[in-house]
Amino acid sequence: TAQALLGEESYNCNLGGNARVPVGSTTGFNHICGKVKFDKSKMSQNIMPGGTPNFGGLLASQNIIGKDFIDHLGIERQAYQTMLMGDYEFSNGYTLSGSFGHNGNKWGALTDTYNRADDTGYYSTVMLAYDIVNTSAELRLASDSDGPFSYMFGGNYYDESIKWQMRAFRPQGLMNLSQPTDYRAETFGVFGSASYELTEALKLNAEARYQWDTINHVVMTPTGSDLEKTFKSFSPRVILNYEVTRDISTYVSWSKGTRPGTFNSNFTAFSPEVQAQLTANAGRDIPVAVAEEKLTMYELGVKGDFFDRRLRLMTAFYYGEWRDRQINQNLAYNVGGTTSTATITFPDGSTNLWGVEVEGTFHATDNLTFDGTFNWAKTDIRFTSCSECLAIDGVANPVGNLMERYPEFSGSMAATYTQPINEDWDGMVRLDYVYTGKQYATSSNVTYIGDAHKVNLRAGINNETYTLEVFVRNLFNEKTPSNLLRNTNPNGSALQGLNTIVLAAPERRTVGVRGVVKF
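Right under this line is the structure:
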């Protein structure tokens with residue numbers, strides 16, 4: 018993975034949190050505040066300077082993927098996807114539709130997660146092993162839609178198994194970072210919708226879905242836990258459409274949705290002593306079963322064609338209430354003098370969302386077209402439990418802050434010029450500009466990556482059969498990281514547990530040629 022790690026050498030602040038200060042520090046700093054940039058000198062080198070990676074040992078004590086599935090730093094994947102869909106139209110206008118799918122995705126990855134090629138005293142080769150299999154089926158019956166009233170109803174089934182394990186090779190030897198686990202989900206759902214034209218211009222749509230999600234987390238060891246619970250949910254939606262003119266329409270909608278619950282199965286696998294440490298660090302009881310998330314959304318939209326259909330515009334305004342958010346917290350624990358972290362999920366987050374989405378296309382001439390998008394996505398934390406924030410600034414519930422790793426503002430603009438070259442060929446040039454606003458590492462809103470401005474260019478020729486294009490992605494070599502994450506140093510020395518920031522590398526300037534043949 019192309020990523021870089023900023024550690025204690027980049028510290029520039031201390032906001033009073035409980036994160037410890039490096040031994041021997043003369044500044045008292047314990048975190049990185051403000052805007053961070055990608056430093057290629059701190060990139061993961063994947064050369065393991067501390068020793069030869071023990072690939073055989075990493076792969077031996079697991080039965081998720083084969084023992085010889087991967088033997089190099091990087092990733093290996095075996096995947097397949099199948100889908101069968103069909104429709105049958107009855108003579109009375111009714112349509113019966115069905116689908117069936119079966120997919121598999123087995124992959125293994127070996128990577129250096131310490132990200133310090135110049136440190137010979139510590140290294141960390143991590144193995145991720147996944148084996149994912151899912152099956153889905155759906156059947157629905159829809160009435161004739163020619164009249165003022167129409168309806169549809171149906172049912173679906175979904176079954177998935179996600180087997181995974183994480184192991185590491187470090188100076189202290191081989192270790193399990195997670196037990197082999199099987200995340201299973203089986204879902205039965207029934208759904209329906211109805212539509213009625215109140216007037217020629219006014220139409221009411223109502224939809225509803227009820228489903229049963231049986232979630233089963235199995236730790237695949239002789240003494241491992243086997244946790245199961247069925248979560249039931251009801252998801253309605255109501256939409257009112259009004260056609261202002263033939264070319265312009267508006268709508269308002271209200272909907273509710275859920276995300277299935279989960280388990281803290283890793284917590285149950287720890288010894289009573291470690292469980293006590295995690296509970297103390299969390300400052301409250303840790304739930305075994307985590308409740309479902311709930312989201313209520315309100316939306317108002319306008320879409321239509323303007324200026325003799327030269328401008329097409331779609332705009333949506335929305336407001337949402339996200340409740341019982343499942344918040345992952347990294348809690349520290351110590352066994353035999355070695356500090357590690359465990360990811361624990363709590364179900365009590367509350368966030369309000371609102372914003373505007375705009376998408377438009379303007380045909381300036383027969384040959385020149387402009388496209389654009391704008392997205393304002395405001396996230397307002399009303400309640401959370403952020404152990405990472407406690408380590409940074411001592412505030413576990415940063416009310417009013419933005420959610421982490423998601424930009425508040427984003428958008429794009431594009432200009433496309435087409436011109437016939439001769440009777441058989443057309444030419445095309447397209448310039449794209451993509452803007453992504455700053456993103457915070459945590460809910461504390463202390464560390465962030467700045468705005469990203471990315472320009473793409475492509476030009477080519479095409480006819481009914483062939484297309485040939487030359488393209489340049491990231492024309493001006495924008496170097497803003499694509500994402501960031503707060504973490505802790507895993508080094509078994511005095512560095513262990515100190516705050517770090519992991520940065521995802523930006524895509525560098527890329528030049529290429531693309532060809533398409535239609536037949």
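Quick note, the sequence shown lines up with residues 18 to 536 if you use our numbering.
Note that beta-carbon positions come from the ideal geometry of N, C-alpha and C, so glycine has one too.
Beta-carbon proximity of residue i to residue j, cut-off 8 Å
i: S427; j: N480; result: no
i: P253; j: S270; result: no
i: G209; j: M169; result: yes
i: V143; j: M192; result: no
i: T360; j: A349; result: no
i: F72; j: L145; result: no
i: G241; j: Q196; result: yes
i: R503; j: E405; result: yes
i: V375; j: T332; result: yes
i: P277; j: D230; result: yes
i: T362; j: V307; result: yes
i: V305; j: N281; result: yes
i: S167; j: R201; result: no
i: T382; j: V319; result: no
i: L520; j: V40; result: no
i: R329; j: G274; result: no
i: I518; j: L32; result: no
Residue i versus residue j: straight-line alpha-carbon distance, rounded
i: N418; j: N151; result: 37 Å
i: N445; j: Y434; result: Residue 445 is actually Met in this sequence, not Asn. For M445 and Y434, the distance between alpha carbons rounds to 6 Å.
i: R157; j: Q228; result: 15 Å
i: N369; j: D397; result: 5 Å
i: V537; j: F488; result: Lying before the first or after the last residue shown, residue 537 is absent from the chain, which here runs from 18 to 536.
i: H234; j: Y139; result: 34 Å
i: N483; j: V451; result: According to the sequence provided, residue 483 is Tyr. The question's Asn does not apply to it. Rounded to the nearest angstrom, the two C-alpha atoms are 28 Å apart.
i: R263; j: T390; result: 24 Å
i: Y309; j: T279; result: First, the residue type needs correcting, since residue 309 is Glu and not Tyr in the sequence shown. About 8 Å.
i: A223; j: I256; result: 6 Å
i: H48; j: N516; result: 6 Å
i: T216; j: F107; result: 28 Å
i: P498; j: G110; result: 54 Å
i: F117; j: G353; result: 51 Å
i: W181; j: I232; result: 16 Å
i: G125; j: N345; result: 24 Å
i: D85; j: R226; result: 45 Å
i: A432; j: I92; result: 38 Å
i: D176; j: I149; result: 11 Å
i: R447; j: M430; result: 11 Å
i: K513; j: P507; result: It should be pointed out that residue 513 corresponds to Gln in this sequence rather than to Lys. Cα to Cα, the separation comes out at about 5 Å.
Local Cβ density within 10 Å of residue i, reported as buried at 16 or more and exposed below that
i: R342; result: buried
i: N35; result: exposed
i: Q98; result: exposed
i: D410; result: buried
i: G366; result: buried
i: P289; result: exposed
i: D129; result: buried
i: V373; result: exposed
i: G532; result: exposed
i: M60; result: buried
i: F186; result: buried
i: I438; result: exposed
i: N351; result: exposed
i: R340; result: buried
Alpha helix (DSSP H) segment containing residue i, residue limits
i: Q182; result: No alpha helix (DSSP H) contains Q182, which is instead part of the beta strand (DSSP E) from 166-187.
i: L32; result: No alpha helix (DSSP H) holds L32; DSSP gives it neither H nor E.
i: T285; result: 282-286
i: G74; result: 72-77
Start-to-end residues for the beta strand (DSSP E) that takes in residue i
i: L156; result: 142-159
i: T204; result: 190-214
i: Q294; result: Segment 289-299 is the alpha helix (DSSP H) holding Q294; no beta strand (DSSP E) there.
i: G532; result: 527-534
i: L407; result: From DSSP, L407 is part of no beta strand (DSSP E) but of the alpha helix (DSSP H) over 404-409.
i: G274; result: 265-276
i: G444; result: 443-453
i: L492; result: Per DSSP, L492 belongs to no beta strand (DSSP E) and is neither H nor E.
One or two residues paired with residue i in a DSSP bridge
i: Q346; result: I361
i: D104; result: S114
i: P253; result: A225
i: R399; result: For R399, which the question treats as bridged, DSSP gives no partner whatsoever.
i: Q95; result: K123
i: T505; result: N516
i: N80; result: N80 pairs with nothing; no bridge assigned.
i: W371; result: Y336, K395
i: T355; result: V352
i: P437; result: D443
Proximity test, residue i beta-carbon vs the ligand ADP heavy atom, cut-off 7 Å
i: S367; result: Although the ligand ADP was asked about, the structure shown includes no ligands whatsoever.
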